[in-house]
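If you read the sequences in order, they're chains X and C. Using the working numbering, read the first sequence as starting at 386 and increasing by one per residue. Using the working numbering, read the second sequence as starting at 386 and increasing by one per residue. Right, one structure below, let's go through it.
2 protein chains.
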Amino acid sequence: MPNPHDPRQNHLLAALPAEEAARIFANLELVPMPLGYVLYESGVQMRHVYFPTTSIVSLLYVMEDGASAEIAIVGNEGIVGVSLFMGGETTPSRAIVQSAGHAYRLKGQQLKDEFYRAGPMQRLLLRYTQALLTQMAQTAVCNRHHTLEQQFCRWLLLSLDRLPSNDLIMTQELIANMLGVRREGVTEAAGKVQKAGLITYHRGRISVIDRTGLEARACECYAVVKKEFDRLLPYETAS
Amino acid sequence: MPNPHDPRQNHLLAALPAEEAARIFANLELVPMPLGYVLYESGVQMRHVYFPTTSIVSLLYVMEDGASAEIAIVGNEGIVGVSLFMGGETTPSRAIVQSAGHAYRLKGQQLKDEFYRAGPMQRLLLRYTQALLTQMAQTAVCNRHHTLEQQFCRWLLLSLDRLPSNDLIMTQELIANMLGVRREGVTEAAGKVQKAGLITYHRGRISVIDRTGLEARACECYAVVKKEFDRLLPYETAS
DNA sequence: CGGGGTCTGTGCGATACCGCACATATTCAT
DNA sequence: ATGAATATGTGCGGTATCGCACAGACCCCG
Numbered sequence: 386m387p388n389p390h391d392p393r394q395n396h397l398l399a400a401l402p403a404e405e406a407a408r409i410f411a412n413l414e415l416v417p418m419p420l421g422y423v424l425y426e427s428g429v430q431m432r433h434v435y436f437p438t439t440s441i442v443s444l445l446y447v448m449e450d451g452a453s454a455e456i457a458i459v460g461n462e463g464i465v466g467v468s469l470f471m472g473g474e475t476t477p478s479r480a481i482v483q484s485a486g487h488a489y490r491l492k493g494q495q496l497k498d499e500f501y502r503a504g505p506m507q508r509l510l511l512r513y514t515q516a517l518l519t520q521m522a523q524t525a526v527c528n529r530h531h532t533l534e535q536q537f538c539r540w541l542l543l544s545l546d547r548l549p550s551n552d553l554i555m556t557q558e559l560i561a562n563m564l565g566v567r568r569e570g571v572t573e574a575a576g577k578v579q580k581a582g583l584i585t586y587h588r589g590r591i592s593v594i595d596r597t598g599l600e601a602r603a604c605e606c607y608a609v610v611k612k613e614f615d616r617l618l619p620y621e622t623a624s
Numbered sequence: 386m387p388n389p390h391d392p393r394q395n396h397l398l399a400a401l402p403a404e405e406a407a408r409i410f411a412n413l414e415l416v417p418m419p420l421g422y423v424l425y426e427s428g429v430q431m432r433h434v435y436f437p438t439t440s441i442v443s444l445l446y447v448m449e450d451g452a453s454a455e456i457a458i459v460g461n462e463g464i465v466g467v468s469l470f471m472g473g474e475t476t477p478s479r480a481i482v483q484s485a486g487h488a489y490r491l492k493g494q495q496l497k498d499e500f501y502r503a504g505p506m507q508r509l510l511l512r513y514t515q516a517l518l519t520q521m522a523q524t525a526v527c528n529r530h531h532t533l534e535q536q537f538c539r540w541l542l543l544s545l546d547r548l549p550s551n552d553l554i555m556t557q558e559l560i561a562n563m564l565g566v567r568r569e570g571v572t573e574a575a576g577k578v579q580k581a582g583l584i585t586y587h588r589g590r591i592s593v594i595d596r597t598g599l600e601a602r603a604c605e606c607y608a609v610v611k612k613e614f615d616r617l618l619p620y621e622t623a624s
């Protein structure tokens with residue numbers, strides 16, 4: 386039986402060869418990730434990076450007038466805090482826990498030390514960052530061209546891919562914040578998708594019934610992002 | 386007098402210390418960048434990276450139905466082809482010349498060799514990539530929340546910042562492709578901005594009269610991106 | 001100098017989403 | 001049990017943008 390709290394639940398950590406794993410795992414710290422917890426605020430220096438295992442984190446931009454829009458989703462396939470090793474130290478966006486769970490965190494300096502060894506960790510982190518670029522690009526495209534219902538399906542699938550179960554604990558209000566739309570719009574989209582028999586939801590819990598149907602309703606953006614993540618970061622544990 | 390074709394017109398190249406500059410400049414090749422020229426096609430392996438000097442390149446996503454949306458703009462502050470050193474080799478987007486001019490190009494392998502020396506060039510490229518991340522993120526936000534006119538102003542300013550003059554050779558049709566909107570929408574937005582006395586345009590040539598006024602009409606997105614580029618990539622030539 | 005291509009302007013109905021108001025339903029605390 | 005807080009449903013007018021059709025203006029070239 387795998388440890389319910391095993392760093393290897395995170396795909397980046399799982400891909401590390403023994404030597405790197407030994408070095409890094411010793412410094413990891415398991416932290417709970419409650420819903421709504423803010424890991425980084427816009428423009429604020431980051432002290433740690435986070436490797437989600439059972440949690441999901443949203444990168445969210447909050448505008449001057451308070452409106453918001455999600456820029457990317459990070460789950461157990463990735464890491465929160467790329468700007469630390471990219472050299473900028475901060476970003477103009479906020480990182481907030483979208484689905485409660487756990488993550489392992491590492492001190493910023495320790496991650497940088499490992500990154501500058503120019504070993505497997507660096508290669509992984511750079512490839513992950515490219516996948517993140519794709520996700521952001523596709524978010525921009527999706528915001529421009531696709532309907533709210535398509536975006537809702539895409540968002541649901543992206544989140545689902547980063548969770549162990551078919552259930553999502555998430556109110557329509559919060560989803561609306563992520564998508565940058567009205568809460569009522571989400572109600573309408575979710576209603577249609579439920580009527581079509583693809584999901585059921587009830588006061589903050591969404592259960593996916595028909596994944597394939599959801600994929601058919603989503604726009605191409607979901608598939609593009611998924612394919613690119615699979616290409617750049619094939620999930621293999623280092624044996 | 387500076388050479389009209391000097392690699393140091395590109396800010397990344399200009400920032401290199403003497404040793405790196407000597408190594409890299411020897412391998413640079415000056416290439417003309419005609420309007421509409423496609424540097425990379427979606428998913429196709431890249432052979433070179435491009436350092437624009439007097440040209441501007443758009444990173445454009447083209448959807449299955451032919452609709453398109455610009456993801457980022459690259460000019461003399463950056464490099465086209467980050468996925469080469471990030472490890473992915475390809476991206477799902479297209480790189481197309483948006484404003485004619487010149488660029489220096491470098492063979493992909495030579496860039497990678499330099500990148501893996503882990504010297505100043507690596508540091509610069511990573512910081513540039515983070516700036517690119519911010520630009521993409523802000524494009525997503527802008528597409529979600531801002532009016533066409535605001536986006537038009539933002540786009541104009543971002544392009545202007547990457548050009549030596551106050552004129553832009555660009556039809557409304559092409560701008561519409563970039564912004565992912567109808568051509569008529571651009572006509573309307575440009576008409577209003579012209580009426581306000583901020584620009585004049587005439588059959589594919591836009592001249593900016595009042596830059597400050599444009600900034601006031603643009604959404605906050607422009608300022609966020611500009612500030613982040615200035616922070617991450619202060620323009621200093623290595624003395 | 002005339003004609004064909006290119007670029008821009010305008011009008012009009014359709015539509016997706018917004019902002020707001022308010023109704024209903026479920027959960028929770030006391 | 002009861003009231004408060006939370007979550008979802010619904011209706012309605014307003015608006016930005018779309019899709020389409022077509023007119024006018026400008027430019028280049030023969």
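For glycine and all other residues, C-beta sits at the position ideal for the given N, C-alpha and C.
Quick one: Cα of residue i to Cα of residue j, how far?
i, j, result
"residue 442 (chain C)", "residue 501 (chain X)", "31 Å"
"residue 397 (chain C)", "residue 440 (chain C)", "15 Å"
"residue 526 (chain C)", "residue 457 (chain C)", "13 Å"
"residue 520 (chain C)", "residue 565 (chain C)", "16 Å"
"residue 426 (chain X)", "residue 587 (chain C)", "44 Å"
"residue 414 (chain C)", "residue 394 (chain C)", "14 Å"
"residue 580 (chain C)", "residue 437 (chain C)", "33 Å"
"residue 392 (chain C)", "residue 400 (chain C)", "11 Å"
"residue 545 (chain X)", "residue 591 (chain X)", "10 Å"
"residue 608 (chain X)", "residue 598 (chain C)", "41 Å"
"residue 451 (chain X)", "residue 403 (chain X)", "46 Å"
"residue 548 (chain C)", "residue 424 (chain X)", "38 Å"
Give me the DSSP bridge partner(s) of residue i.
i, result
"residue 585 (chain X)", "X:592"
"residue 436 (chain C)", "C:489"
"residue 626 (chain X)", "Because chain X is modelled from 386 through 624, residue 626 (chain X) falls outside the range shown and cannot be assessed."
"residue 425 (chain C)", "C:480"
"residue 458 (chain X)", "X:443"
"residue 552 (chain C)", "C:592"
"residue 355 (chain C)", "The structure shown has nothing for residue 355 (chain C), since chain C only spans 386 to 624."
"residue 453 (chain X)", "X:447"
Any C-beta of chain C sitting closer than 8 Å to the C-beta of residue i?
i, result
"residue 504 (chain X)", "no"
"residue 512 (chain X)", "yes"
"residue 464 (chain X)", "no"
"residue 522 (chain X)", "yes"
"residue 387 (chain X)", "The predicted model places residue 387 (chain X) with a pLDDT of 48, which falls under 50 and marks its position as unreliable, so this point remains unresolved."
"residue 601 (chain X)", "no"
"residue 456 (chain X)", "yes"
"residue 515 (chain X)", "yes"
"residue 565 (chain X)", "yes"
"residue 632 (chain X)", "Since the displayed chain X opens at 386 and closes at 624, residue 632 (chain X) lies outside it and no answer follows."
Of the choices the options, whose alpha-carbon is the least far from that of residue i?
i, options, result
"residue 434 (chain C)", "C:460, C:451, C:544", "C:460"
"residue 558 (chain X)", "X:400, X:546, X:574, X:543", "X:574"
"residue 613 (chain X)", "C:498, C:450, C:475", "C:475"
"residue 563 (chain X)", "X:621, X:483, X:569", "X:483"
"residue 488 (chain X)", "X:410, X:403, X:611", "X:410"
"residue 429 (chain C)", "C:591, C:478, C:578", "C:478"
"residue 490 (chain X)", "X:599, X:390, X:555, X:621", "X:390"
"residue 406 (chain X)", "X:472, X:432, X:495, X:454", "X:495"
"residue 455 (chain C)", "C:469, C:431, C:536", "C:536"
"residue 499 (chain X)", "X:420, X:571, X:408", "X:408"
Do we get a CB-CB distance below 8 Å when we pair residue i with the residues of chain X?
i, result
"residue 620 (chain C)", "no"
"residue 530 (chain C)", "yes"
"residue 400 (chain C)", "no"
"residue 596 (chain C)", "no"
"residue 539 (chain C)", "no"
"residue 443 (chain C)", "no"
"residue 440 (chain C)", "no"
"residue 501 (chain C)", "yes"
"residue 519 (chain C)", "yes"
"residue 617 (chain C)", "yes"
"residue 471 (chain C)", "yes"
"residue 544 (chain C)", "no"
"residue 422 (chain C)", "no"
"residue 452 (chain C)", "yes"
"residue 585 (chain C)", "no"
"residue 608 (chain C)", "no"
Taking residue i and residue j to be in contact with their CB atoms under 8 Å, please state how far apart those CB atoms are, rounded to whole angstroms.
i, j, result
"residue 485 (chain X)", "residue 465 (chain X)", "Actually they do not touch by this definition, with Cβ atoms about 15 Å apart."
"residue 605 (chain X)", "residue 449 (chain C)", "6 Å"
"residue 543 (chain C)", "residue 467 (chain C)", "About 18 Å; that fails the 8 Å criterion."
"residue 560 (chain C)", "residue 589 (chain C)", "With a Cβ gap of about 10 Å, residue 560 (chain C) and residue 589 (chain C) do not count as contacting."
"residue 616 (chain X)", "residue 471 (chain C)", "With 8 Å as the limit, residue 616 (chain X) and residue 471 (chain C) do not qualify as a contact, their Cβ atoms being about 13 Å apart."
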